[in-house]
Amino acid sequence: MAGGFDSDSDVNAQSGEDGEGGELSSEEDDELETPAQKRLRLSQMYLKSLEKDVEQDDGGFDAADLDRDIIAERLQQDVLQHSGKLHLSVASSLLLPIPSSSIYHTPSRAHRGPITSATITPSGHWLYTASKDGSIIKWDLRSIFSPSSSSSSTSKEAPRIVKAHYFPKRTPEKALRNPELKKALEEKGKAKELAEGHEDEVLCLAVSEDGKVLASGGRDKVVGVWDVEGEKGRWLRGLGGHKDRVASIAFRLGTHQLYSSSFDRTLKLFDLSTLSYIETLFGHQDAIQHLSALRSELAVSAGGRDKTCRFWKVTEESQLVFRGGVASRIRNVLDGGNEEDGIDEETGKRRRNREKGEVKYVEGSIDVVAMVDDTTFLSGGDSGSICLWTITKKKPIASVQLAHGVNEYESETEGVIGTARWITALACLPYGDTFASGSWDGHIRLWFIDPKLRSFTPLTTIPATGFINTLQLILPSLPAPSASKKEKEEKALVVVAAVAKEPRLGRWMRFREGKEGAVVAVVRVGEGARVVEE
Numbered sequence: 001m002a003g004g005f006d007s008d009s010d011v012n013a014q015s016g017e018d019g020e021g022g023e024l025s026s027e028e029d030d031e032l033e034t035p036a037q038k039r040l041r042l043s044q045m046y047l048k049s050l051e052k053d054v055e056q057d058d059g060g061f062d063a064a065d066l067d068r069d070i071i072a073e074r075l076q077q078d079v080l081q082h083s084g085k086l087h088l089s090v091a092s093s094l095l096l097p098i099p100s101s102s103i104y105h106t107p108s109r110a111h112r113g114p115i116t117s118a119t120i121t122p123s124g125h126w127l128y129t130a131s132k133d134g135s136i137i138k139w140d141l142r143s144i145f146s147p148s149s150s151s152s153s154t155s156k157e158a159p160r161i162v163k164a165h166y167f168p169k170r171t172p173e174k175a176l177r178n179p180e181l182k183k184a185l186e187e188k189g190k191a192k193e194l195a196e197g198h199e200d201e202v203l204c205l206a207v208s209e210d211g212k213v214l215a216s217g218g219r220d221k222v223v224g225v226w227d228v229e230g231e232k233g234r235w236l237r238g239l240g241g242h243k244d245r246v247a248s249i250a251f252r253l254g255t256h257q258l259y260s261s262s263f264d265r266t267l268k269l270f271d272l273s274t275l276s277y278i279e280t281l282f283g284h285q286d287a288i289q290h291l292s293a294l295r296s297e298l299a300v301s302a303g304g305r306d307k308t309c310r311f312w313k314v315t316e317e318s319q320l321v322f323r324g325g326v327a328s329r330i331r332n333v334l335d336g337g338n339e340e341d342g343i344d345e346e347t348g349k350r351r352r353n354r355e356k357g358e359v360k361y362v363e364g365s366i367d368v369v370a371m372v373d374d375t376t377f378l379s380g381g382d383s384g385s386i387c388l389w390t391i392t393k394k395k396p397i398a399s400v401q402l403a404h405g406v407n408e409y410e411s412e413t414e415g416v417i418g419t420a421r422w423i424t425a426l427a428c429l430p431y432g433d434t435f436a437s438g439s440w441d442g443h444i445r446l447w448f449i450d451p452k453l454r455s456f457t458p459l460t461t462i463p464a465t466g467f468i469n470t471l472q473l474i475l476p477s478l479p480a481p482s483a484s485k486k487e488k489e490e491k492a493l494v495v496v497a498a499v500a501k502e503p504r505l506g507r508w509m510r511f512r513e514g515k516e517g518a519v520v521a522v523v524r525v526g527e528g529a530r531v532v533e534e
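Numbering follows full-length UniProt numbering, in which position 168 of the sequence shown is assigned residue number 168; successive positions increment by one, without gaps.
Structural data, given as structure tokens:
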């Protein structure tokens, strides 16, 4: 929480006076202070910290001009952020369709290999991309979010995404220049921690909510930690522990706690503020393809070919298992019920006859997940279906079949064969009613989630040729067009995608017409956007 205090010692340090006498009197006052007086004092200090934030944002503070509505709004936002419920309603206020001038691309030849991941800071100022060539690039997005970007987009000099810093792949020659690393080579496991960068493909990226720490995971089984405060960045440490490639990572919002998933079928939790390992979570029976986390100590993971999503309650040391795939009697037994209970024989016969004429695409793998709020999440897999789940039910509460269509090809013996385009990426606006999905049909699709969390419908599409390997949605505040302080800041939904010619975790297919790079789409939000408690 902005302006919050970590402990009473921080409060006492600010309220106490210099000198030993002041400290003693402060301690005596604290002992005589009632709980009600303490709550009042902490509330007053919190409001002062909010006023200080307003002063920093506006460039100058005048108590007479302080807008109490802004403070009340921030208090409401803090409460809603910690409620764990969906409260950002923006889908109905998006200014659609998206103009082509609001879609930006990074240069296609910045990396020497296919793009695997792209992540953006919550402020929208910095973008990071990773590649199978082992490199990471930091991009400056401030020019495309400047007040003049909308007017200059029609001119000859349109705003561009500018490269800010390059983190190269680690080579043996470069690694041996470090004298500490030479000693570490003799000790098992120490070399990868000290050597700067990744020695193999970088498969995933995540940036902390404050934008100061970047985490990366790769085929070399290492979780890399980077200090990216400022325009450049530096390597801090490589965290080991996984026995196979690191497939996905995610920060817990508001903290430096990091979840990582691997092909070794485990999730690990790290604290990057101390660069330390916390614990390992077991349960999946196959490689964990993807994971998602929000503000609470919860996470959701996709288990690939074990066809399960697992909802992890870290503090309770428990997990909920949600099984995907086609319905069957065995699955009904595992889920603790029978699908045909309460259905008469005639109705069951009509249902079976109707299903005989339908072409079914069986889900053999759950590849991606995205948390909507603390009780709801989305999943996608190789059947092309997107499913909406809640932790109170064992089956999806809503689903869309073939969300990205069918990929048809002609066989010499079988004729035209259609296969579902699997869902390669999913991302939801944290605690919001909008999410995005990707495949390789040439479009990123935006969806609207019903406020009652019972269904979802398509909103619009964003052109993107190639495999959509990762997606991310943020809702930053854009600078006001005019210099007046009274002018309200604009909101925009920013969609970031990593687009490549081949999938992130392998080379099962190659799309020759695809483009390499990151796509940044800025969708303006109208006045109707609101923050509500559902």
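Glycine included, every Cβ here is placed at the ideal spot set by N, Cα and C.
query: Where Phe61 falls: helix, strand or coil (DSSP); result: With a pLDDT of 46 at Phe61, under the threshold of 50, the modelled position of that residue is not reliable, and no figure is offered here.
query: Euclidean distance between Cα positions of Phe322 and Arg310; result: 6 Å
query: Per-residue burial, Gln289 [other beta carbons within 10 Å of its own, 16 or more giving buried]; result: buried
query: Those residues which DSSP pairs with Met371 across a bridge; result: Phe377
query: Rounded distance between the beta-carbons of Ile98 and Ile474, thought under 8 Å; result: Actually they do not touch by this definition, with Cβ atoms about 16 Å apart.
query: Local conformation of Tyr46 per DSSP, three classes; result: helix
query: Rounded straight-line distance, which links the Cα of Ala293 to that of Asp210; result: 16 Å
query: Close beta carbons around Arg219, own chain, < 7 Å, minus the five adjacent residues each side; result: Asp200, Glu201, Leu203, Arg245
query: Gln472 vs Ala403 beta-carbon contact at 8 Å; result: no
query: Nearest to Pro396 (by Cα), restricted to the options Gly324, Gly432, Arg112; result: Gly324
query: Short Cβ contact (8 Å threshold) for Ala492 with Ala518; result: no
query: Residue-chain proximity (Leu320, chain D), Cβ-Cβ < 8 Å; result: Judged by its chain identifiers, the structure shown contains no chain D, having just a single protein chain.
query: Opposing strand residues paired with Ile137 [DSSP bridges]; result: Thr129, Tyr166
query: Where Pro463 falls: helix, strand or coil (DSSP); result: strand
query: Asp227 - partner residues in DSSP beta bridges; result: Val213, Arg234
query: Inter-residue spacing [alpha-carbon to alpha-carbon] between Ser117 and Leu505; result: 11 Å
query: DSSP beta-bridge partners of Gln319; result: Trp312
query: Residues near Thr419 by beta carbon distance below 6 Å, same chain, minus five either side; result: Asn407
query: Buried/exposed call for Phe282, threshold 16 Cβ in 10 Å; result: exposed
query: One or two residues paired with Gly418 in a DSSP bridge; result: Glu408
query: Cβ neighbour criterion (16 or more within 10 Å) applied to Ala36; result: exposed
query: Arg507 burial status per 10 Å Cβ neighbour count (16 or more: buried); result: exposed
query: Outcome for residue 565 when other beta-carbon atoms lying within 10 angstroms are tallied against a minimum of 16; result: There is simply no residue 565 to check, as the chain begins at 1 and stops at 534 in what is shown.
query: Neighbourhood of Gly254 by C-beta, 7 Å cutoff - its chain only, sequence neighbours within 5 removed; result: Glu209, Arg295
query: Cβ neighbour criterion (16 or more within 10 Å) applied to residue 535; result: For the chain, the structure presents residues 1 to 534; residue 535 sits outside this window and is missing.
query: Ala287 - DSSP class collapsed to helix/strand/coil; result: coil
query: Residue closest to residue 536, alpha-carbon to alpha-carbon, out of Thr434, Thr266, Ala250, Leu478; result: Since the displayed the chain opens at 1 and closes at 534, residue 536 lies outside it and no answer follows.
query: Given 8 Å, three or more beta-carbon pairs between the region 460 to 468 and the region 438 to 445; result: yes
query: Reduced DSSP secondary structure (H/G/I, E/B, other) of Val519; result: strand
query: Identity of the residues DSSP links to Arg388 by a beta bridge; result: Before going on, a small fix: residue 388 reads as Leu here, not Arg. Paired residue(s): Leu378, Ala398.
query: Start and end residues, beta strand (DSSP E) containing Val362; result: Careful: Val362 lies outside any beta strand (DSSP E) and carries neither H nor E.
query: Pairwise C-alpha distance: Leu96 and Val520; result: 16 Å
query: Rounded distance between the beta-carbons of Ala247 and Phe263, thought under 8 Å; result: 6 Å
query: Residue burial classification, Ile366 (beta-carbon count within 10 angstroms, cutoff 16); result: buried
query: Trp422 versus Tyr277: straight-line alpha-carbon distance, rounded; result: 34 Å
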